[in-house]
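Have a look at the structure below, then the notes.
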DNA sequence: CATCGAGA
DNA sequence: TCTCGATGG
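Residue numbers (the UniProt record's numbering): 1 to 341.
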């Protein structure tokens, strides 16, 4: 699940309003996972239509995207392409963890322990091709740009941000910083009240802004050194990192060593230099169009209500808000265009 | 995640 | 008007 360097990263809480008028590239899979794991009943069952097809992600995408648009934020969703070969190990590890969680989910259900059941159900969250296709279809109907990354979505989002085509990359993970995103927004798809795991306590979750330059200057590192640090503590491509090395130690090592990967390469099964190269120069594409169009309201009603049993009243209400938000966005884009001259 | 409505 | 728990699909 991304790089465990959160404790080293300076970040500042912001308000949604601070992102008014900004375009952001959202890591679609990251968002979909969040929706799938949080939008559930208390026993952990996800939302489903009458045919048993999961709809939690559609609900989350639909309402959250509308809320972002209403806040004047223009989201583009970036979907993963083919994962790099050296991610296989991590993907297998995740699959095993999910299968284990699924067993525990069933056990907790049988005991009638709903709290535990929900916890493990969340961990058992799986994303398949069908879910992705449905998500893309909904976003396209909504007139929201869908970007297909050749490889990692985070890398593509970072590229778009570094080009200045979007203000920031949005994800829970810090990987896009390694990929060179000048700005990262966290908590964009899960802002609001959230239950703390374990305790029955709710906290207000606000979006966080992470600025790459500030990260680097506060840690006194270059981006290359930050990548090396990440590789020492573990990335999706070398899960677990180097045994016995946590963020603190890793920071010392990369600060003082010219080539920190060298002495750890022999005790590592994976090619650490290949990982570094991947973070520095990931496959990305220029083939994307960032255009927010009028939603296809009839298509959305057909898709969400007829096919997936959403409430017509709620969807129509959402569409009304979306239509207004798109119009307001147009207006503000036009204004700023005239302001520049 | 979101919305909704009951009850303070 | 606000908070909270249930429900949505």
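Backbone N, C-alpha and C fix where the C-beta goes; we use that ideal spot for every residue, glycine too.
Run through the DSSP bridge pairs and tell me what residue i is partnered with.
| i | result |
| --- | --- |
| residue 192 | 205 |
| residue 342 | For the chain, the structure presents residues 1 to 341; residue 342 sits outside this window and is missing. |
| residue 12 | 209 |
| residue 247 | Per DSSP, none; premise fails for residue 247. |
| residue 40 | 46 |
| residue 54 | 48 |
Can you tell me whether residue i is buried or exposed, with buried defined as 16 or more other CB within 10 angstroms of its CB?
| i | result |
| --- | --- |
| residue 115 | exposed |
| residue 281 | exposed |
| residue 31 | buried |
| residue 15 | exposed |
| residue 169 | buried |
| residue 183 | buried |
| residue 27 | buried |
| residue 186 | buried |
| residue 118 | buried |
| residue 47 | buried |
| residue 333 | exposed |
| residue 257 | exposed |
| residue 110 | exposed |
| residue 20 | exposed |
| residue 154 | buried |
| residue 222 | exposed |
| residue 52 | exposed |
| residue 164 | exposed |
| residue 131 | buried |
| residue 36 | buried |
| residue 365 | With the chain covering 1 to 341 only, the question about residue 365 has no answer from this structure. |
For the alpha helix (DSSP H) that residue i lies in, which residues bound it at each end?
| i | result |
| --- | --- |
| residue 262 | 262-265 |
| residue 215 | 212-219 |
| residue 284 | Residue 284 -> no alpha helix (DSSP H), and no H or E assigned at all. |
| residue 184 | First-last for residue 184: 183-186, but that is the beta strand (DSSP E), not the alpha helix (DSSP H). |
| residue 233 | 223-233 |
| residue 71 | Residue 71 -> no alpha helix (DSSP H), and no H or E assigned at all. |
| residue 103 | 88-111 |
| residue 155 | 153-162 |
| residue 19 | That residue, residue 19, is in no alpha helix (DSSP H); it is neither H nor E in DSSP. |
| residue 132 | 129-141 |
| residue 175 | 175-178 |
| residue 300 | 297-300 |
| residue 1 | Per DSSP, residue 1 belongs to no alpha helix (DSSP H) and is neither H nor E. |
| residue 120 | 114-123 |
Can you name, in chain order, every residue of its own chain whose Cβ lies under 8 Å from the Cβ of residue i, other than the five neighbours on each side?
| i | result |
| --- | --- |
| residue 341 | Any answer about residue 341 is weak, because its pLDDT of 48 lies below 50 and its placement is not dependable; what the coordinates show is given next. So no residue of the chain qualifies. |
| residue 192 | 204 and 205 |
| residue 273 | 261 and 265 |
| residue 268 | 238 and 242 |
| residue 295 | 141, 142, 143, 319, 322, 323 and 326 |
| residue 6 | 174 |
| residue 33 | 125 and 127 |
| residue 162 | 180, 181 and 182 |
| residue 87 | 236 and 237 |
Cutting at 6 Å between CB atoms, please list the residues of its own chain near residue i, excluding the five before and the five after it.
| i | result |
| --- | --- |
| residue 234 | 240 and 241 |
| residue 104 | 120 |
| residue 160 | 25 and 166 |
| residue 90 | 236 and 239 |
| residue 123 | 101 |
| residue 188 | 170 and 207 |
| residue 225 | 254 |
| residue 312 | 305 |
| residue 316 | none |
| residue 17 | none |
| residue 288 | 147 |
With respect to the beta strand (DSSP E) encompassing residue i, which residues constitute its N-terminal and C-terminal limits?
| i | result |
| --- | --- |
| residue 170 | 168-170 |
| residue 147 | 146-148 |
Beta-carbon within less than 7 Å of residue i's beta-carbon, same chain only, minus the 5 sequence neighbours each way: which residues are those?
| i | result |
| --- | --- |
| residue 279 | 178, 179 and 227 |
| residue 329 | 69, 72, 74 and 292 |
| residue 126 | 98 |
| residue 246 | 233 |
| residue 299 | 141 |
Original post:
Okay, do the region 212-220 and the region 9-20 touch, 3+ Cβ pairs below 8 Å being the bar?
Top reply: yes
Original post:
Below 8 Å, can you find three or more Cβ-Cβ pairs linking the region 133-153 to the region 72-85?
Top reply: yes
Original post:
Counting Cβ pairs, one atom from each stretch, are 3 or more of them under 8 Å apart for the region 61-76 and the region 313-332?
Top reply: yes
Subject >> Cβ contact check for the region 244-262 and the region 219-230: 3 or more pairs under 8 Å >> reply: yes
Original post:
Using 8 Å as the Cβ pair cut-off and three pairs as the minimum, do the region 142-161 and the region 277-296 touch?
Top reply: yes
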